[in-house]
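Engineer: The structure under discussion is supplied below as structure tokens; questions concerning it will follow.
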Amino acid sequence: MSSAARSSRYITHSASPLKHFQQKAAMTTATFKHIDTSSYSGKPWTKVDGPGSSFKMNDYDRTLHNIRGREKEFTTDNSGFAVYNSPAKEKTFTEDTAVREGYYQEVENMLKQKLPGVKKVVIFDHTIRRRTKDSPRQPVQQVHVDQTPNAAAERVKRHLPADEAKELLQGRYQIINVWRPIENPASDFPLAVIDWRSTKPSDFIPVDLMYPNRADSVIDDDDRGKEKCPDSSTLDSTEGYKVKGETFGVRANEGHQFYYMKDMSPEEVMLLKCYDSWGDGEPMGKRGLAVRTPHTAFIDENTPKDAPGRQSIELRCLVFYD
């Protein structure tokens, strides 16, 4: 779709003054950080526990469209993301046991309800982000995708018995992130997504994900690095780290269509597809079916200065279909 065609969806020459104002109010502009593909040699890497990486990022100004009131237009199958009203019993997410034993089950039930044909859900990780000075898990300001196809398949093998994993890898499987604000609307550092339909395969750059070595084998790899902020003097070094995952950096593309849900509330969830084995271009792919959703936190200049710092929780889920 051309840029002119995209613009015509929002502002037309025949629009009334009131409608024109409403359409402009549904848009904002922001600066987004994309991987600079000329800034590294060899395969790029980034660290799971902090900002250390082997590459630089470039800033690009882009227009975003607010999907509030248009939620039904976007699904995990067509755009790669979806927003639903889905209140949770858990509200503060301060107790790990309550999250794992209570909220995990709520999310599993919700996915089976919202995504037809789901037969099994395995939640393998969660991250709570609180935008406070001492929190090691801050909103991520870089356009990215959490898993590559190889990383998604490895997740299936890692979290399921070998025989079951082998069988499930023959069918349709996904990694879905379930993202929810905590306590307050996510006005501060809201989440932006790129409609998969506006991406190209060449936009996605595989990046090694580095995990810190730990002597304590009781702690799962997915929890490693979340306990404290890393020493800022070691950010450029891979000493004490090993490759244990792979993500996508996203190359800037003027054709990308950015969206967000303005003032998304704790009663709402956003589903972000990180991978779909039936996605267009995959070995078992279906034409036109979204494979993944690039996403990032961003600074909205329209956010009130006194807005509470963003808090959010995201669950990473393996989703299997009949």
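The opening residue of the sequence shown carries number 766 in this note's numbering; numbering runs sequentially from there.
For each residue, glycine too, the CB sits at the ideal point set by N, CA and C.
Here the structure is a predicted model, which means the values were calculated and not measured.
Who pairs with residue 1067 in a beta bridge, going by DSSP?
Structural biologist: Looking up residue 1067 in the sequence shown gives position 302. None, per the DSSP bridge assignment.
Engineer: Quick one: what's residue 1015 bridged to in DSSP?
Structural biologist: The residue given as residue 1015 occupies position 250 in the sequence shown. Paired residue(s): 969.
Engineer: Closer than 6 Å by C-beta to residue 1028: which residues in its own chain qualify, once you throw out the five before and the five after it? Chain order, please.
Structural biologist: For this step, residue 1028 is matched to residue 263 along the sequence shown. Excluding positions up to five away in sequence, the list reads 950 and 952.
Engineer: Could you say if the stretch 816 to 825 and the stretch 1025 to 1045 meet the contact criterion of at least three C-beta pairs nearer than 8 Å?
Structural biologist: As far as the Cβ criterion goes, the stretch 816 to 825 does not touch the stretch 1025 to 1045, which means the pair count is below three.
Engineer: Could you have a look at residue 883 and say whether DSSP puts it in helix, strand or coil?
Structural biologist: Here residue 883 corresponds to residue number 118 of the sequence shown, with the count starting at 1. In this structure, residue 883 counts as strand in the three-state DSSP scheme.
Engineer: Can you tell me whether residue 913 is helix, strand or coil according to DSSP?
Structural biologist: Numbered from 1 along the sequence shown, position 148 holds the residue referred to as residue 913. The answer is coil: DSSP assigns residue 913 none of H, G, I, E or B.
Engineer: Does the pairing of the stretch 969 to 981 with the stretch 1001 to 1008 give three or more beta-carbon distances under 8 Å?
Structural biologist: Taking 8 Å as the limit for Cβ pairs, the verdict is that the stretch 1001 to 1008 does touch the stretch 969 to 981.
Engineer: Any idea what DSSP makes of residue 920, helix, strand or coil?
Structural biologist: Along the sequence shown, one-based indexing puts residue 920 at 155. Correct three-state label for residue 920: helix.
Engineer: In terms of residue numbering, what span does the alpha helix (DSSP H) encompassing residue 933 cover?
Structural biologist: Here residue 933 refers to the residue found at position 168 of the sequence shown. First-last of the alpha helix (DSSP H) with residue 933: 927 to 933.
Engineer: Between residue 772 and the rest of its own chain, which residues show a CB-CB distance below 6 Å, the 5 nearest in sequence each way excluded?
Structural biologist: By one-based count along the sequence shown, residue 772 stands at place 7. Low local confidence applies: a pLDDT of 37 at residue 772 is under 50, so the model's placement there is unreliable, with the coordinate-based value given in what follows. So no residue of the chain qualifies.
Engineer: Got a sec? Which residues, its chain only, sit under 6 Å from residue 885 by beta carbon, not counting five neighbours each side?
Structural biologist: As a first step, residue 885 is located in the sequence shown; it is residue number 120 there, counting from the start. Answer for residue 885: 1085, listed in chain order.
Engineer: On the CB-based measure, 16 or more other CB atoms within 10 Å of its CB, does residue 907 come out buried or exposed?
Structural biologist: Residue numbering aside, residue 907 sits at position 142 when the sequence shown is read from its first letter. Classification of residue 907: buried, given that the 10 Å Cβ count is 16 or more.
Engineer: Of all the CB atoms in chain C, is at least one closer than 8 Å to the CB of residue 1026?
Structural biologist: The chain inventory of the structure shown lacks chain C, comprising one protein chain alone.
Engineer: Excluding the 5 residues flanking residue 1076 on each side, which residues of the same chain have their C-beta closer than 6 Å to its C-beta?
Structural biologist: For the purposes of this step, residue 1076 is taken as residue 311 along the sequence shown, with counting starting at 1. So the list reads 895, 947 and 948, once near-sequence residues are dropped.
Engineer: Consult DSSP for residue 944 and reduce its assignment to one of helix, strand or coil.
Structural biologist: As a working mapping, residue 944 is identified with position 179 in the sequence shown. In the structure shown, residue 944 sits in a strand (DSSP, three-state: E or B).
Engineer: Identify whether residue 1054 lies in helix, strand or coil by the three-state DSSP scheme.
Structural biologist: Reading the sequence shown from its first residue, position 289 is the one you call residue 1054. Note: residue 1054 maps to coil in three-state DSSP.
Engineer: Determine whether the beta carbon atoms of residue 1038 and residue 857 lie at a separation below 8 Å.
Structural biologist: Here the question's residue 1038 lines up with position 273 in the sequence shown. Here the question's residue 857 lines up with position 92 in the sequence shown. No, they are not a contact pair.
Engineer: Cutting at 8 Å between CB atoms, please list the residues of its own chain near residue 787, excluding the five before and the five after it.
Structural biologist: If you number the sequence shown from 1, residue 787 lands on position 22. In this predicted model, residue 787 has a pLDDT of only 38, less than 50, meaning its place in the structure is not dependable; the value taken from the coordinates is given anyway. Hits under 8 Å: none found.
Engineer: Applying the 10 Å Cβ sphere with the 16-neighbour rule, what's the burial state of residue 1092?
Structural biologist: No answer is possible for residue 1092: it lies beyond the span of the chain, which begins at 766 and ends at 1087.
Engineer: Among 866, 960, 878 and 931, which has the Cα closest to the Cα of residue 1020?
Structural biologist: Within the sequence shown, residue 1020 is the residue found at index 255, counting from 1. Nearest C-alpha to residue 1020: 960.
Engineer: Where does residue 1062 land, buried or exposed, given buried means 16+ other C-beta within 10 angstroms?
Structural biologist: The residue given as residue 1062 occupies position 297 in the sequence shown. Buried.
Engineer: Rounded to a whole number of angstroms, what is the C-alpha to C-alpha distance between residue 794 and residue 1065?
Structural biologist: Indexing the sequence shown from 1 puts residue 794 at position 29. Indexing the sequence shown from 1 puts residue 1065 at position 300. Approximately 7 Å, taken between the alpha carbons.
Engineer: Measuring straight from C-alpha to C-alpha, what distance separates residue 779 and residue 1025?
Structural biologist: Counting from 1 along the sequence shown, the entry for residue 779 is found at position 14. Counting from 1 along the sequence shown, the entry for residue 1025 is found at position 260. Only weak support is given to the placement of residue 779: the predicted model assigns it a pLDDT of 37, under 50, and the question is left unresolved by the model.
Engineer: Based on Cα-Cα distance, which residue from 1022, 796 and 921 lies nearest to residue 832?
Structural biologist: Counting from one through the sequence shown, the residue named residue 832 turns up at place 67. Out of 1022, 796 and 921, 1022 has the C-alpha closest to the C-alpha of residue 832.
Engineer: Taking the beta strand (DSSP E) that residue 1076 falls in, what are its first and last residues?
Structural biologist: Residue numbering aside, residue 1076 sits at position 311 when the sequence shown is read from its first letter. First-last of the beta strand (DSSP E) with residue 1076: 1076 to 1086.
Engineer: Once DSSP output is grouped into helix, strand and coil, what is the label at residue 803?
Structural biologist: One-based indexing of the sequence shown puts residue 803 at position 38. Residue 803: coil per DSSP, three-state reduction.
Engineer: Can you check DSSP and say which residues form a bridge with residue 818?
Structural biologist: Within the sequence shown, numbered from 1, the residue matching residue 818 stands at position 53. According to DSSP, residue 818 bridges with 811.
Engineer: How would you call residue 943, buried or exposed, if buried means at least 16 neighbouring beta carbons within 10 angstroms?
Structural biologist: Taking the first residue of the sequence shown as 1, we reach residue 943 at position 178. By the neighbour-count rule (16 or more Cβ atoms within 10 Å), residue 943 is buried.
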